[in-house]
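To start, the structure under review is shown below, and the notes come after it.
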Amino acid sequence: MGRRPLIVKLVILGCAFLWTGFVTAQEKSVNEEILDILRDKGQISEEKYEELLKKAEAEKEPSTFRVYWKDGIRIDSRDGRFKFQLTGRIMNDWAVFSADSDTEAFFNENFGSGTEFRRARLGLGGTIYDVLDFKAEYDFADGDADFKDMYVGLRKLPVIGHIKVGHKKEPFSLEDQTSSKYITFMERALPTVFAPGYNTGVLFHNVELDGRLFWGVGGFRETDDFGEGFGEEDEYNITARVTGLPWYEQEGGRLLHLGISYSHKFGDGDEGATVRFRQRPEAHLSPVRFVDTTDIPTDGVDLVTPEAALVFGPFSAQGEYFHASVDRANGSDVDFDGFYLFVSYFLTGEHRSYSKTKGAFDRVKPKQNFGLGKERGWGAWEIAARYSNLDLTDGSISGGELDDFTLGVNWYLYPNARIMGNYIFADLDDVGETSIFQMRFQVDW
12 MGRRPLIVKL
22 VILGCAFLWT
32 GFVTAQEKSV
42 NEEILDILRD
52 KGQISEEKYE
62 ELLKKAEAEK
72 EPSTFRVYWK
82 DGIRIDSRDG
92 RFKFQLTGRI
102 MNDWAVFSAD
112 SDTEAFFNEN
122 FGSGTEFRRA
132 RLGLGGTIYD
142 VLDFKAEYDF
152 ADGDADFKDM
162 YVGLRKLPVI
172 GHIKVGHKKE
182 PFSLEDQTSS
192 KYITFMERAL
202 PTVFAPGYNT
212 GVLFHNVELD
222 GRLFWGVGGF
232 RETDDFGEGF
242 GEEDEYNITA
252 RVTGLPWYEQ
262 EGGRLLHLGI
272 SYSHKFGDGD
282 EGATVRFRQR
292 PEAHLSPVRF
302 VDTTDIPTDG
312 VDLVTPEAAL
322 VFGPFSAQGE
332 YFHASVDRAN
342 GSDVDFDGFY
352 LFVSYFLTGE
362 HRSYSKTKGA
372 FDRVKPKQNF
382 GLGKERGWGA
392 WEIAARYSNL
402 DLTDGSISGG
412 ELDDFTLGVN
422 WYLYPNARIM
432 GNYIFADLDD
442 VGETSIFQMR
452 FQVDW
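According to this note's numbering, the sequence shown holds residues 12 to 456 in order.
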């Protein structure tokens, strides 16, 4: 418990340093403001914007660092060798549940309504000497300063590209690799419960073919929320993901994304290694998990997930299939699986943004920001529908099967702020049905 106040103090100190630099920064030049306007109106590409911005900066009086806003507070050295960024996100959720009598009786639970801070994160990240990367991100949502991204790394290495050592998400699944800031629905689809998630290890990743091919591979030790793991269970994972863009046009306005992920979990059931899959009905405020395998002693688990996504202007479709094969230590092997498919459409003409360097989706930028003054606008509006399935029953394991049907509406007021609304109809096989309405108020930087 003693280290948590220290962590909080360090984060606040780092944030204060960046904020001090921000409020004392010089005003933008006229040329920089013109470039911002041209970029926001879509008249120049992001790549051209960065090129011209560097030229405009070179014409200004020389100074050691420049402080600016680009989806967050950034501090860069003039030569580009040192870069720092303050990151954070606040997500406040509200939900109302209506479960039938069979479901309430099964769980011995009276479903009601409530609110929570789903995420409350602060972080510092950057690059030193143009080679060393680092990031330290904490989540305060549950009252503790839990680790999220916490790593150091090297970039621009021959062949392997990038290496990161520390606490980070294992490279698995399009839905899981897309940041919670940018996912289309409030919660990721049911079968992403199979994704290994955050663990401590070593990750190698790079892009090839002008960003059309992404790959990542790493070895990880399963750890707690502070990146620690020790024992005789030998719970180590090897995880890899490869994605490609066979079709990519209009700077991501039209694309086809294909990929596959694989992970193997090592373990020794005789030494206490177990695996457990359990999931809520795509609503984190749910007081219970609707499906649950309980702990399964295991000598190993294999996970495989093919993925696909299509963007065609304002229309988008995305889907994945998940399969888990569990080598039980004291019984017959079992297999679990799940899948999801969703479609979305921007009523205001935007399209989902894609990051080639991550092989995942990125920040949506409205054509017009919300405003009631001279620059009147209504932001970006997106509608979406999803079906997802998760089956955790096989052999002697009766974890249950859950189907979710979700409708969503997203209002992007600005690139860094949105309001989300989801209606979920959850059908728990052989038990009952639950309707959920939930909303999220989000800001991130």
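Idealized CB from N, CA, C, for every residue including glycine.
Counted as a single uninterrupted DSSP element, the stretch harbouring residue 98 is not any alpha helix (DSSP H) but the beta strand (DSSP E) occupying residues 94-110.
With fewer than three CB-CB distances shorter than 8 Å, the region 295-306 does not count as touching the region 264-274. Residue 240 sits in coil when the DSSP states are folded into three classes, being neither helix nor strand. Of all alpha-carbon atoms in 165, 451, 233, 273, the one lying nearest the alpha-carbon of residue 138 is that of 165.
The Cβ atoms of residue 96 and residue 85 lie closer than 9 Å to each other.
It is roughly 19 Å from the alpha-carbon of residue 436 to the alpha-carbon of residue 194.
Counting along the chain, residue 186 sits inside the alpha helix (DSSP H) bounded by residues 185-188. Per DSSP, the beta-bridge partners of residue 412 are 402. With respect to the C-alpha of residue 177, the residue from 129, 185, 230, 221 having the closest C-alpha is 230. Straight across, the Cα-Cα distance linking residue 289 with residue 347 is about 12 Å. Annotated three-state conformation of residue 153 is coil, per DSSP. Within the same chain, and ignoring the five residues on either side of residue 370 in sequence, the residues whose Cβ sits closer than 6 Å to its Cβ are 225, 254. Annotation: the continuous beta strand (DSSP E) that includes residue 259 extends over 247-260. Between residue 161 and residue 83 the beta-carbon gap is near 18 Å, outside 8 Å, which marks them as no contact.
Residue 367 is not a Cβ neighbour of residue 391, given a cutoff of 9 Å. Counting every other CB atom within 10 Å of its CB across the protein chains shown gives residue 331 a total of 16 or more, marking it as buried. With respect to the C-alpha of residue 314, the residue from 324, 234, 323, 204 having the closest C-alpha is 204. By the Cβ test, the region 445-453 is in contact with the region 424-435, since at least three Cβ pairs between them sit closer than 8 Å.
Shown here for residue 234: same chain residues with a beta carbon closer than 6 Å to its own, the five before and five after excluded, namely 210, 211, 240 in chain order. Within the same chain, and ignoring the five residues on either side of residue 227 in sequence, the residues whose Cβ sits closer than 6 Å to its Cβ are 182, 216, 252. DSSP places residue 116 in the helix class (H, G or I) of the three-state scheme.
With a contact defined as Cβ atoms closer than 8 Å, residue 202 and residue 351 qualify at about 6 Å.
Where residue 139 is concerned, the enclosing beta strand (DSSP E) starts and stops at 124-139.
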